[in-house]
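Chains as they are written, first to last, in the working numbering: chain A, -9 to 176; chain B, 4 to 269.
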């Protein structure tokens, strides 16, 4: 890995890094905040861009999409590393606390609020892997190739994973909308 | 009913619109690269403010080493002083001795760290923070269960920015294994530059936005009180509304310069 000394800045590398941060910091922050609500998004974003700076000479992005996916994949790696090392996060792992629908985005009306709460409850009941892929594709218009690059799997596998996660979300919501006495209990 | 995924998409995008990082892009760049805007004489300041404190202010410091809160980027020598409008930092280099305070780091790779005042036994001071539960995870709630957290093997090293870093290292690891240099901490508290830095940070950080004239006056007063006749004050931009200070140990100058946030304003 190329290690960069802070007291020996390279003008071109610094300019490229500055452009990278300016273009992607906000989006990466939103991604981390939404997809990994149990971590400190600022810290993860900081560490992600630190990794980018340390490798700035090796990073040559072919358009904004590749920078986007590289940063998200790196952030995911950092989150996973932190998760392994910090067992106390485990207790929070199944919560989507930061996605409190009322606190962050008031729904337009009562019915919409109930519907949103139901979807969020259904989301919380899914596996971590399903939630991750659903949240990242809900937030950004990512292609199967992008999702595959972030998750470290082939595009086809990513496509299947997204499709199945969406199906499981629909099923989980459907469970919550069915009347409790349905199914011939009486 | 609407497709649940569409409901989810609409919601998370609304959430994303309301969320903002704590750090402005250019501040993040400066923090990570350690390079702020160039100084008039070509030197670079290796410091930047604008960091939220990772520790709740309600957590008292009684009985613990006197400290300031810093957040250092992993693997980067940039040192960030958190506080009011003014900061003091070392400019330039000095080859061997640690010269910019003591940083207690959570780990080799973790970005979190706490800075403490220079002390005769930095390892013991950092161990105290570990024993109190302030490290390694300074931004998460402390466990409520009784009992002292385990203090790992702590080693004092010197980073590229010449800050003394006390960090946990695995058995048989040396500072070199962590990409750092071994630290000679003998007499750290006697180093006039270290004492000068500590005094300046205390004085300049104590208030909010200070004018260049105010900061220069404080710097001269500190130099006089410490009897540092070989040091002098150098003002880089007299017109700045908010000023900060940096130390150039290679020329023995206290440099009064515009605060980075003030430079961003029109």
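Ideal placement from N, C-alpha and C gives every residue a C-beta, glycine not left out.
Could you check whether the region 152 to 161 of chain A touches the region 118 to 137 of chain A, counting it as contact only if at least three pairs of C-beta atoms, one from each stretch, sit closer than 8 Å? yes
Taking only the alpha-carbon atoms, compute the straight-line gap between residue 129 of chain A and residue 24 of chain A and give it to the nearest angstrom. 8 Å
Quick test of the definition: if touching needs 3 or more C-beta pairs under 8 Å, does the region 10 to 19 of chain A touch the region 12 to 30 of chain B? yes
Based on the DSSP secondary-structure assignment, which residues constitute the bridge partners of residue 235 of chain B? B/256
Assigned secondary structure, residue 154 of chain B (DSSP; H/G/I helix, E/B strand, else coil): coil
Near-chain B residues of the region 28 to 46 of chain A (beta-carbon distance less than 8 Å), N- to C-terminal order: 30, 31, 32, 33, 35, 36, 37, 39, 40, 43, 44
Determine, for residue 16 of chain A, whether the minimum Cβ-Cβ distance to residues of chain B falls below 8 Å. yes
Neighbour list for residue 256 of chain B in chain A, Cβ cutoff strictly below 8 Å: Near residue 256 of chain B there are no residues of chain A at all, since even the closest Cβ is about 17 Å away, more than 8 Å.
Check whether the region 135 to 144 of chain A touches the region 49 to 64 of chain A, taking contact to mean three or more Cβ pairs, one atom from each stretch, closer than 8 Å. yes
Using a cut-off of 8 Å between C-beta atoms, extract the partners of residue 184 of chain B located in chain A. Chain A residues near residue 184 of chain B: none, gap ~13 Å exceeds 8 Å.
If I follow the unbroken beta strand (DSSP E) through residue 167 of chain B, where does it start and stop? 167 to 171
Along the alpha helix (DSSP H) that carries residue 223 of chain B, what are the first and last residues, could you check? 215 to 229
So if DSSP puts residue 261 of chain B in a beta bridge, which residue, or which two residues, is it bridged to? B/246
Helix, strand or coil for residue 184 of chain B? Go by DSSP, reduced to three states. strand
Short CB-CB distance (under 8 Å) between residue 66 of chain A and chain B: no
Is residue 178 of chain B helix, strand or coil when you go by DSSP? helix
By how many angstroms is the C-alpha of residue 59 of chain A removed from the C-alpha of residue 52 of chain A? 11 Å
Since I believe residue 183 of chain B is in contact with residue 160 of chain B (beta carbons under 8 Å), could you give me their beta-carbon distance rounded to a whole number of angstroms? 4 Å
As assigned by DSSP and simplified to three states, the class of residue 212 of chain B: coil
Determine whether the beta carbon atoms of residue 111 of chain B and residue 167 of chain B lie at a separation below 8 Å. no
Closest to residue 22 of chain B by CA distance: which of A/167, A/30, A/4 is it? A/30
Tell me, which residues are paired with residue 159 of chain B by DSSP? B/169
Chain-ordered chain A contacts of residue 28 of chain B [CB-CB under 7 Å]: 11, 12, 15
Sub-8 Å separation of residue 258 of chain B and residue 239 of chain B beta-carbons: yes
Through-space distance from residue 147 of chain A to residue 117 of chain B, alpha-carbon basis: 43 Å
Could you work out which residues of chain A lie near residue 171 of chain B, taking near to mean beta carbons separated by less than 9 Å? What residue 171 of chain B touches in chain A: nothing, since even the nearest Cβ is about 12 Å away.
Report the neighbours of residue 137 of chain A on chain B: residues whose CB is nearer than 9 Å to its CB, in chain order. None at all; the shortest Cβ gap to chain B is about 14 Å.
I'd like the list of long-range same chain contacts for residue 134 of chain A, defined as Cβ closer than 8 Å, with 5 residues on each side in sequence excluded. 145, 146, 148, 149, 152
Since residue 7 of chain A meets chain B, which of its residues come closer than 7 Å, beta carbon to beta carbon? 32, 36
Please report the distance separating the alpha-carbon of residue 1 of chain B from that of residue 22 of chain A. For residue 1 of chain B there is no data in the structure shown, the boundaries of chain B being 4 and 269.
Please identify the residue among B/124, B/172, B/127 whose C-alpha is closest to the C-alpha of residue 109 of chain B. B/172
If residue 24 of chain B sits next to residue 163 of chain A, beta carbons under 8 Å apart, how far is it from one beta carbon to the other, in whole angstroms? With 8 Å as the limit, residue 24 of chain B and residue 163 of chain A do not qualify as a contact, their Cβ atoms being about 32 Å apart.
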